[in-house]
Amino acid sequence: MSAQSPAITRQELLAENAELRARLAVAEEEITARRNSDREREKFVRMIESSENFIATADLDGHLTYLNAGARQMIGITCDEDIHGLRLCDLVPGKWQDFSRDVVLATARSQGSWKGQMQFRNLRSDAVIDVHHNVFLMRDPQTGEPWCFASVTRDITALKLTEQALRDSDQRMRLATKATGVGIWEWQVPAGRIQWDAEMFRIYGMAPTEDGFVDYGVWRDSVLPEDLALQEEILQDTCRRLGSGSREFRIQRHDDHEVRHIQAVEAVRTNADGQIEWVVGTNLDVTERRLADEKIQQLNAWLEQRVRDRTSQLEATNRELEAFSYSVSHDLRAPLRAVIGFVRLIQRV
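By this note's numbering, the letter at position 4 of the sequence shown is numbered 701, and the numbering carries on one by one without gaps.
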């Protein structure tokens, strides 16, 4: 009698089918995850290739192993040129090569990264490029051993030129304000703090603070009490209107306590939402001009009084002359009649 296979129950078949479906689902999830991972990796590679920044990798000796399109454009080599034998330190001007090797790579190796400003050079034109250089050490994800160097570097030439232009402009402004005696201030309204330039501290007789900022109360306490209420009202009105304005007030200097006349001009600066952010203005000490104006007014008043006095004197003299003329003509009238009669008598004879 032949042996027969053990009978498989329906429940066992259902269990095997469920297990098979579970395995297929897991496999499908793994395939989907792998595909998604491949897509993300492709996106990442494309992002690196399309970046305008310099992105590169180099072996632990500093020899380049990869350059993206932005890096090739920065240093002046085409996408077809071989980078074999090219080192990171070859991408910098001569004065930076020892620094690149002995400081940048050495620091990245020992501390994990180095970043800072330095210079690259275009290998084709030899033009110098100001950059913010970032080099970091990559490690093997399995062993943790050093794997390679990676670099993400940004061209900051335009930024450096802008910064230099701003420094030049600031220097010219400082010279202009010093020559004219105009102080410049910026009031950060939300924080209630004011930033003064050197001329503002000079005008108010104060030593400059370390960061150039003073509290609003410093200005308020400097203004003479009888002028303060009106000045704050004008300033608040300018802020409400988001406009500009001008005013004059008196202050008492902090060092010598001398009262000075100040001419102020200000304008409101708003943020992207149209809300007040800063009030920017100028102060000019016009004390000497005010004193000169007062002297001129006093001189004009004195001259006007002198004219009035001389006019009165002339009018009095004219009246005296008129009286004298009348008196003379009256006193000479009788003698003249006698002379005229005598002349007529002679003519008859």
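Cβ coordinates follow ideal geometry from the N, Cα and C atoms, glycine included.
From a predicted model like this one, the values you see are computed outputs, not experimental measurements.
Same chain only: Cβ atoms within 8 Å of residue i, ignoring 5 sequence neighbours per side
i	result
A805	W811, V832, F833, L834 and F846
R890	W884, F910, V911, D912 and Y913
V983	E945, H958, I959 and Q960
L711	none
D934	G942
G809	F833 and L834
R987	H958
Closest Cα partner of residue i within the set the options
i	options	result
S807	P843, Q1044, R851 and W916	P843
T877	L863, A895, G1038 and D779	A895
V977	T775, C936, E985 and D908	C936
A753	S848, L1011 and G971	S848
C786	R798, C776, R1045 and E778	R798
V828	V800, G809 and K857	K857
A888	R1045, E974 and F1021	E974
R784	D777, C776 and D795	D795
V886	T850, D908, R1041 and L932	L932
DSSP three-state assignment for residue i, whether helix, strand or coil
i	result
V903	First, the residue type needs correcting, since residue 903 is Met and not Val in the sequence shown. Of the three classes helix, strand and coil, the one that applies to M903 here is coil, per DSSP.
V962	strand
I973	strand
C786	helix
I881	strand
R821	coil
A1020	helix
T840	coil
E749	coil
A805	helix
R944	strand
D776	Rather than Asp, the amino acid found at residue 776 in this sequence is Cys. Of the three classes helix, strand and coil, the one that applies to C776 here is coil, per DSSP.
L921	coil
V983	coil
G813	strand
A888	coil
G1038	helix
N831	strand
I931	helix
T762	strand
G909	coil
T1008	helix
T1052	In the structure as shown, the chain starts at 698 and stops at 1046, and residue 1052 therefore has no counterpart that could be examined.
T967	strand
T754	strand
R957	strand
Nearest-angstrom Cα separation, counted from residue j out to residue i
i	j	result
S943	E955	23 Å
L820	E860	26 Å
S699	N714	Note that S699 scores 49 on pLDDT, short of 50, meaning its location in the model is unreliable and no value can be drawn from it.
G813	S822	24 Å
V915	P922	13 Å
L757	E746	23 Å
Y1023	A1013	15 Å
I774	G791	19 Å
P905	H830	36 Å
A755	V742	17 Å
K992	Q972	45 Å
Q928	D1006	42 Å
L788	G841	29 Å
N997	R1016	28 Å
R769	E739	20 Å
L1018	P1032	22 Å
M744	F751	12 Å
Q1010	D990	30 Å
R718	D777	50 Å
Q995	R1034	58 Å
Neighbourhood of residue i by C-beta distance below 6 Å, restricted to the same chain and skipping five residues each side
i	result
L802	G759
I948	S919, V920, R957 and I959
D837	W844
D865	none
F1039	none
D952	G902
Cβ neighbours of residue i in the same chain (closer than 7 Å, five flanking residues each side left out)
i	result
I826	M771, Q816, F817, R818, N819, D852 and T854
N980	G880, W882, M897, I900, I959 and A961
S748	N765 and G767
I1049	Because the chain in this structure spans residues 698 to 1046, residue 1049 falls outside the shown range and cannot be described.
A925	For the record, residue 925 in the displayed sequence is Leu; it is not Ala. Closer than 7 Å at Cβ, skipping near neighbours: R917.
I780	L761 and L764
W793	M815 and Q816
L939	V965, T967 and I973
L863	none
Any chain D beta carbon closer than 8 Å to residue i
i	result
F910	The structure shown contains no chain D, having only a single protein chain.
Check your understanding: Three or more C-beta pairs closer than 8 Å, one from the region 1000-1019 and one from the region 954-969: is that the case here?
Key -> no
Review point. Should the region 711-726 be called in touch with the region 751-765, which here means at least 3 C-beta pairs below 8 Å?
Key: no
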